Amino acid sequence: MDWIDEKIEKLRNRIRNLSLKQALAVYLLLAVLAAFLCSFLIQQICFWAENRIFARYGMKLHQDRGIVDIYYMGQNAAVWRLTETEQDQIFILQLVSDLSPWICMAVWMVIAAVLFYYKRMKAPFDILKKGADEMGRKNLDFQIYYDSADEMGQLCRTFEQMRSAIVSDREELWQRIEDQKEINAAFAHDMRTPLTVLRGYSELLGRYVPEGKISEQKLIDTLALMTRQLQRLEDYTKTMRHIRSFEEIEPVREQIRFRHLSEHIREITDPLNEAGGVEIRLTDRQEQEDMNLWLDESLFLEVFENLLSNALRYAVKQVQITLEWDESSGYLRLYVYDDGQGFGIEELHTASEPYFRGEKSLADGQENEPGKEHFGIGLHICRMLAEKHGGSLNLANSIEGGALASVSFFCRNS
Numbered sequence: 046m047d048w049i050d051e052k053i054e055k056l057r058n059r060i061r062n063l064s065l066k067q068a069l070a071v072y073l074l075l076a077v078l079a080a081f082l083c084s085f086l087i088q089q090i091c092f093w094a095e096n097r098i099f100a101r102y103g104m105k106l107h108q109d110r111g112i113v114d115i116y117y118m119g120q121n122a123a124v125w126r127l128t129e130t131e132q133d134q135i136f137i138l139q140l141v142s143d144l145s146p147w148i149c150m151a152v153w154m155v156i157a158a159v160l161f162y163y164k165r166m167k168a169p170f171d172i173l174k175k176g177a178d179e180m181g182r183k184n185l186d187f188q189i190y191y192d193s194a195d196e197m198g199q200l201c202r203t204f205e206q207m208r209s210a211i212v213s214d215r216e217e218l219w220q221r222i223e224d225q226k227e228i229n230a231a232f233a234h235d236m237r238t239p240l241t242v243l244r245g246y247s248e249l250l251g252r253y254v255p256e257g258k259i260s261e262q263k264l265i266d267t268l269a270l271m272t273r274q275l276q277r278l279e280d281y282t283k284t285m286r287h288i289r290s291f292e293e294i295e296p297v298r299e300q301i302r303f304r305h306l307s308e309h310i311r312e313i314t315d316p317l318n319e320a321g322g323v324e325i326r327l328t329d330r331q332e333q334e335d336m337n338l339w340l341d342e343s344l345f346l347e348v349f350e351n352l353l354s355n356a357l358r359y360a361v362k363q364v365q366i367t368l369e370w371d372e373s374s375g376y377l378r379l380y381v382y383d384d385g386q387g388f389g390i391e392e393l394h395t396a397s398e399p400y401f402r403g404e405k406s407l408a409d410g411q412e413n414e415p416g417k418e419h420f421g422i423g424l425h426i427c428r429m430l431a432e433k434h435g436g437s438l439n440l441a442n443s444i445e446g447g448a449l450a451s452v453s454f455f456c457r458n459s
C-alpha cells in the first residue's frame, strides 16, 4: 500500500507541475473522452428503449438507422401497428440519441473549464489577491507561497521576490534615515567641545588682552591654537557632509609622536581649565614622549572630546585624564575619570548604545530636556570609532566613586 500511495503521490505531483497549456490540454482531452463515453451510453440506452417498444410487436430494431427512419416515414406497414404515443416515444428517443454527442460535449467542456479554474487557477489567484490587498494596506509582513512549477507558481514566486525586494528597499531606506539621524546627532554633539574650547580662548583673550597681561608671543600662539581648532571643525564638517553613516568612516593612520599628541590634548583642556569650574588634570608618562604612534589623530581627538564632554557634564570638582602607550601590545590607552555619581547598573551595559539616556534623567522625567542627555550618542560614537581603529571602549565605576571610561586604539603600522 505504501508503494501504491507513493506512486499516486508522484503522479499527483507530476500533474500539479504541468504547465497551464499542458494541463488545459489534458483537461480538454479528458472532457472529450468523457463526452464520447456519455453520448455512447445515452445512445445505447435509447436503442435499448426503442427495442423494448418494437418487441411488443415481435420486431427487433437493427442498428441501421435507415431502417428506423423507414418506420418513421411510414414506408413500412409495420409502422401502422405502433400507437401514436409509441411513435412519439420513438421520435424523442432518436432525437436524444442524435443530439447526445453535442450536448455531452458542451456539458463536459463546461465541467472541464470549471475544474481547470478551481484546480489550477483559483488558489494562486486568491493568494495573489490577498498579497495585493496586504500591499495596498502597506503591510509587507506576509509571505506568498504556492507549491507548483507551472506559470502560476512562477508568477507567485515573482510576486514574492518583488515583495522581498520592497521590504529590503524599505529596510535600507529606514537604515539610511537612522544613519542620517545618527550623523546629525553626532555632528551636533561633537560641536560642543571644540566650540567650548574656542569660547575659552576667546574669553581668555577678551579678559587679558585689554589689560596688557598677554605677551605678543602668547597672543600669536593662542590665535594659532584657535586657528587649528577652527580647521579641525572645518575638516570634521566636510567629513560629516560626505558620509552617510559611521560605517563609511575609515581611519587614516599617520605617524605622530606621543609628545605631540599630549600637547594637542592640552590645547583642548587648558582653555577649559581657564574657564574655571571643574579642574582637568592630564597625566602621561614622560619616558614615552618620543615614542612614534601610527594614529588617526582627528579620530582620536573626536573620541577624546566626546569622553571629556561627558565627564565634564557629571564631574563635581575634577576630571582626571591618563594617556599611556603599551609597546608590547601596540595599544594606545586613554582613561577619562570624573568624580560624579558614576554609572548605574544598567548604564554599564547599555550606555554606549545610540540615544541611550541614563537612569537619573529618566527617573527625573528629563529625557526631552535639551542638554540633559545622559551619555547617549557620545559614547556610542566613541565605541564605533575605537572599533574602527582596532580598539574598544570599556565603562566602569572607580573604587573611589565616579565614572571611568577607558578606550584603546591599535597604533602600529599594520
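All residue numbers for the sequence shown refer to my numbering, where the first residue is 46 and numbers rise by one. For every residue, glycine included, the Cβ atom is placed at its ideal position computed from N, Cα and C. Remember, it's a predicted structure, so these values are computed and weren't measured experimentally.
Helix, strand or coil: which one does DSSP assign to residue i?
i	result
serine 354	helix
asparagine 96	helix
tyrosine 382	strand
glutamate 51	helix
aspartate 214	helix
serine 193	coil
tyrosine 376	strand
isoleucine 325	strand
valine 452	strand
glutamine 31	The requested residue 31 is not part of the displayed model; the chain covers only 46 to 459.
leucine 75	helix
asparagine 337	strand
glutamine 220	helix
glutamine 188	coil
State the start and end residues of the unbroken alpha helix (DSSP H) segment that holds residue i.
i	result
arginine 304	303-319
serine 145	129-161
aspartate 171	167-181
isoleucine 294	Premise fails: isoleucine 294 is in no alpha helix (DSSP H) and is neither H nor E.
What residue does the beta strand (DSSP E) around residue i start on, and which one ends it?
i	result
leucine 438	438-442
glutamate 392	Note, glutamate 392: premise wrong, no beta strand (DSSP E); alpha helix (DSSP H) at 390-395.
leucine 368	363-371
With a 10 Å radius around its C-beta and 16 neighbouring C-beta atoms as the bar for buried, classify residue i as buried or exposed.
i	result
glutamine 225	exposed
tyrosine 102	exposed
threonine 272	exposed
methionine 207	exposed
valine 159	exposed
leucine 368	buried
tyrosine 246	buried
methionine 166	exposed
aspartate 195	buried
arginine 97	exposed
tryptophan 48	exposed
Is the beta carbon of residue i within less than 6 Å of some heavy atom of the ligand COA?
i	result
glycine 245	Among the components of this structure there are no ligands whatsoever, and the ligand COA is therefore not found.
Count Cβ pairs between the segment 322-342 and the segment 246-262 that sit closer than 8 Å; are there 3 or more? no
Residue ranges of each alpha helix (DSSP H) run of no fewer than 4 residues wholly in the segment 225-284, ordered along the chain? 237-253
For the segment 163-183 against the segment 84-98, are there 3 or more C-beta pairs whose distance is under 8 Å? no
For the segment 441-452 and the segment 326-344, state whether three or more C-beta atom pairs, one from each stretch, are separated by less than 8 Å. no
Given 8 Å, three or more beta-carbon pairs between the segment 170-177 and the segment 197-204: yes
Examine the Cβ distances between the segment 304-312 and the segment 381-400 and report whether three or more of them are shorter than 8 Å. no
Specify whether the segment 62-81 and the segment 148-163 touch according to this definition: at least 3 beta carbon pairs, one from each stretch, less than 8 Å apart. yes
May I ask you to verify whether the segment 372-383 touches the segment 443-459, counting CB pairs closer than 8 Å and requiring at least 3? yes
Under 8 Å, with one C-beta from each stretch per pair, do the segment 53-67 and the segment 184-200 reach the 3-pair mark? yes
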